[in-house]
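In what follows, a single structure is set out as structure tokens and then discussed.
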Amino acid sequence: MRFRLWMYFFRQALTSILNNRVFHAIGLSTMVVSLLIFGTFLILFVNLNAWLGGWGQSLTMSVYLKDGTSETKNDEIASLIRKLQGAEIKRFISKEGALRDLRKALGSHAGLLEGMSVNPLPASFEVIFKDGDGQKTDPLKMKNELESIEGVDEVQYSEEWLKRFKGLMNMVRLVGFIIGGLLCMGILFIVTNTIKLTIYSRRGEIEILKLVGATDWFVKAPFLLEGVIQGILSGIVALLALFAGYLLLSAKKMHFLGLAVLDFVFLPNEYVFSILFISVALGLIGSFIAVGRFFDV
Amino acid sequence: MIQLFHVFKNFGSNVALRDVDLRIREGEFVFITGPSGAGKTTLLRLIFGAERPVSGHILIDGINLNRISRTKLDLLRRKIGFVFQDFKLLPRKTLFENVALALEVTGERRSFIRKKTHQALRLVGLAEKQTAYPLQISGGEQQRVAIARAIVKDPLILLADEPTGNLDPELTKDIMVLFRSVYMKGTTVVVATHSRDLLEDTEQRTILLNRGRITG
Ligand SMILES: Nc1ncnc2c1ncn2[C@@H]1O[C@H](COP(=O)(O)OP(=O)(O)O)[C@@H](O)[C@H]1O
Ligand SMILES: [Mg+2]
Numbered sequence: 003m004r005f006r007l008w009m010y011f012f013r014q015a016l017t018s019i020l021n022n023r024v025f026h027a028i029g030l031s032t033m034v035v036s037l038l039i040f041g042t043f044l045i046l047f048v049n050l051n052a053w054l055g056g057w058g059q060s061l062t063m064s065v066y067l068k069d070g071t072s073e074t075k076n077d078e079i080a081s082l083i084r085k086l087q088g089a090e091i092k093r094f095i096s097k098e099g100a101l102r103d104l105r106k107a108l109g110s111h112a113g114l115l116e117g118m119s120v121n122p123l124p125a126s127f128e129v130i131f132k133d134g135d136g137q138k139t140d141p142l143k144m145k146n147e148l149e150s151i152e153g154v155d156e157v158q159y160s161e162e163w164l165k166r167f168k169g170l171m172n173m174v175r176l177v178g179f180i181i182g183g184l185l186c187m188g189i190l191f192i193v194t195n196t197i198k199l200t201i202y203s204r205r206g207e208i209e210i211l212k213l214v215g216a217t218d219w220f221v222k223a224p225f226l227l228e229g230v231i232q233g234i235l236s237g238i239v240a241l242l243a244l245f246a247g248y249l250l251l252s253a254k255k256m257h258f259l260g261l262a263v264l265d266f267v268f269l270p271n272e273y274v275f276s277i278l279f280i281s282v283a284l285g286l287i288g289s290f291i292a293v294g295r296f297f298d299v
Numbered sequence: 008m009i010q011l012f013h014v015f016k017n018f019g020s021n022v023a024l025r026d027v028d029l030r031i032r033e034g035e036f037v038f039i040t041g042p043s044g045a046g047k048t049t050l051l052r053l054i055f056g057a058e059r060p061v062s063g064h065i066l067i068d069g070i071n072l073n074r075i076s077r078t079k080l081d082l083l084r085r086k087i088g089f090v091f092q093d094f095k096l097l098p099r100k101t102l103f104e105n106v107a108l109a110l111e112v113t114g115e116r117r118s119f120i121r122k123k124t125h126q127a128l129r130l131v132g133l134a135e136k137q138t139a140y141p142l143q144i145s146g147g148e149q150q151r152v153a154i155a156r157a158i159v160k161d162p163l164i165l166l167a168d169e170p171t172g173n174l175d176p177e178l179t180k181d182i183m184v185l186f187r188s189v190y191m192k193g194t195t196v197v198v199a200t201h202s203r204d205l206l207e208d209t210e211q212r213t214i215l216l217n218r219g220r221i222t223g
């Protein structure tokens, strides 16, 4: 397609936007609000995932030792544990230490322990796993490896928490898809009707264009461009507003579920481009639906 | 240039054209006349492809309108200028923009469009008023803008529907002079009119329509 034709379409689209600025302003602001809702949800999702994932990342396991292991044996076990991917020994809890902890935990009920002749509590290592470069720790595999070390009796970690975390994130994702889908349909509806209104306001001109030999494509192209411009504008405005809101919030100390959240991050680039792409695509599809039918002249 | 073979057209029970056979050669100047309701407008609209015949064939420049695609018809219309009875000017565009519209759809250069639009407006004597809006000028002037828009693309065929409808005799003469000059440049001109006055002092070929039938 020739460049000057595109320039013509572009001028037509801009003129039409200016002439129908009220429709466009309404359409644009509703679109921006929809995109903002969606973007806010995405930011929350991304951060929630990072925070909760962060807890999951510093997976802690308690490695209980068999009774009566010698000190050298313990050192041997410790060095084997350290060889595991991402493993770090946080502390060693001796049998006595475990009993002391238990006493402290029982507090005023510590008297219950007085009658015991032997210490039934095992010694243990508390091990933290940190995710390496892009590698997630597989808790089950680690548990098996730890248990295969000689002198290790049992390994415990909170599987429940991990499962619940995954389940929660899947729920959040599902809700996100539903909200996103509904908002997309809403935006499509808005664009289609905005463009339909501008088409209606220019129906006299369209009739005459057809009478002087304009092709359908020639009549439709400016309206398609109008939808795309609306998509680009609302995408950019929504992202800027989102970023401004992000700056405002992250400047203050964020507290989430009583926890001071250290890194509150903005959307990664691919999400930013996705939002822009989606708004442009919706602008194009919406205007495409709107120009679908042109009265035959 | 224009050929009609056994063309019928009706609107419901209202028969507008009956078995119309017609041949207009390239570069001819033809009047179509007859009383109001005879079918003159319908005939022009059929030639323009704005209506389709119920039966029969219409050939324009050798192209059968029954077999033409939508896009081809759009392209064919660029070779046909139509002066509508109600002018069909856009009230929110200047006279210049109204005339230029007929060239813009062809995707021509802006400089070329500007030049041709000026020429056309000068030809109809409205060069000075090009920045005015249709509602700021008289009916006779609107008529001339409509003619300028129809001839700005140098059409092969110029169709005019009652172009002197409600103009005084002086203006009517001016308009006819205009059509004559277009005809002199080789354009096929077809003018529909119910006014007999228009025909008195011409020796042009005249097709008489009566209740949808050619009677002379
Ligand atoms: N769009 C239409 N719908 C219904 N009837 C029409 C339509 N156009 C024309 N007619 C009828 O066709 C006949 C011819 O009309 P027309 O071609 O306008 O005549 P003229 O231009 O000679 O006055 C008239 O009886 C008119 O009522
Ligand atoms: Mg008529």
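Protein chains in written order, with our numbering: chain A, 3 to 299; chain B, 8 to 223.
By construction, the Cβ of each residue, glycine as well, lies at the ideal position given by its N, Cα and C atoms.
All values reported here derive from a predicted model rather than from experimental measurement.
According to the DSSP assignment, B/Thr48 belongs to no beta strand (DSSP E) but to the alpha helix (DSSP H) extending over 47–54. Of all residues in the region 123–156 of chain B, only Arg156 come within less than 9 Å of chain A when Cβ atoms are compared, listed by chain position. Residue pairing by DSSP places A/Ser126 opposite A/Tyr66, A/Ile95 in a beta bridge. DSSP places A/Gln158 inside the beta strand (DSSP E), whose first and last residues are 154–158.
Distances from the CA of B/Pro98 to each of B/Glu115, B/Gln143, B/Lys123, B/Phe119 were compared; the closest alpha carbon is that of B/Gln143. For the C-beta of A/Tyr10, the chain B residues within less than 8 Å are, from N- to C-terminus, Glu111, Gly114. Secondary structure of B/Lys16 (DSSP, three-state): strand.
At least 8 Å separates the beta-carbon of B/Leu53 from that of B/Asp28. Closer than 9 Å at the C-beta level to chain A, one finds these residues of the region 89–104 of chain B: Phe89, Phe91, Lys95, Leu96, Leu97, Pro98, Arg99, Lys100. For B/Thr171, there is no enclosing beta strand (DSSP E), as DSSP marks it with neither H nor E. For B/Asp168, no Cβ of chain A is located within less than 8 Å of the residue's own Cβ.
Below the 7 Å Cβ cutoff, chain A contributes no neighbours of B/Arg52, its closest Cβ being approximately 10 Å away.
One alpha carbon belongs to B/Arg74, the other to B/Arg151, and they sit about 34 Å apart. Judged by pairs of C-beta atoms under 8 Å, the region 226–240 of chain A touches the region 32–45 of chain A, as three or more such pairs exist.
Look at the region 213–231 of chain A: the residues with a C-beta under 8 Å from a C-beta of chain B are Leu213, Val214, Gly215, Ala216, Thr217, Asp218, Phe220.
Between ligand 1 and B/Thr113, a heavy atom-to-CB distance of less than 7 Å is absent. Burial check for B/Arg84: the Cβ neighbour count within 10 Å reaches 16 or more, so the residue is buried. The beta-bridge partner set that DSSP reports for A/Gly206 is empty. Among the CB atoms of chain A, one or more fall inside 8 Å of the CB of B/Leu108. The C-beta distance from A/Lys97 to A/Pro124 rounds to 7 Å, short enough to meet the 8 Å contact threshold.
Neighbourhood of B/Thr78 in chain A, by CB distance below 7 Å: Thr217, in chain order. The beta carbon of B/Arg84 sits closer than 8 Å to some beta carbon of chain A.
The three-state reading of DSSP puts B/Ile144 in coil, since its state is none of H, G, I, E or B. Looking at B/Val159, B/Val106, B/Gly63, B/Ile158, the one whose alpha-carbon comes closest to that of B/Lys136 is B/Val106. Distance from the CA of B/Asn17 to the CA of A/His26, rounded to the nearest whole angstrom, comes to 43 Å. Between A/Thr194 and A/Glu228, the gap from beta carbon to beta carbon reaches 8 Å or more. In this structure, B/Leu163 and B/Thr113 do not form a Cβ contact; the two beta carbons are roughly 14 Å apart against a cut-off of 8 Å.
A residue is called buried when at least 16 other Cβ atoms come within 10 angstroms of its Cβ; B/Asp81 meets this threshold and is buried. Across the structure, A/Lys68 and A/Phe131 are spaced so that their CA atoms are roughly 22 Å apart. The C-beta of B/Asp81 comes closer than 8 Å to at least one C-beta of chain A. Inter-segment contact for the region 156–175 of chain B and the region 183–194 of chain B is present: three or more beta-carbon pairs are separated by less than 8 Å.
In the three-state reduction of the DSSP assignment, A/Val120 falls in the coil class.
Beta-bridge annotation (DSSP): B/His64 is paired with B/Phe12.
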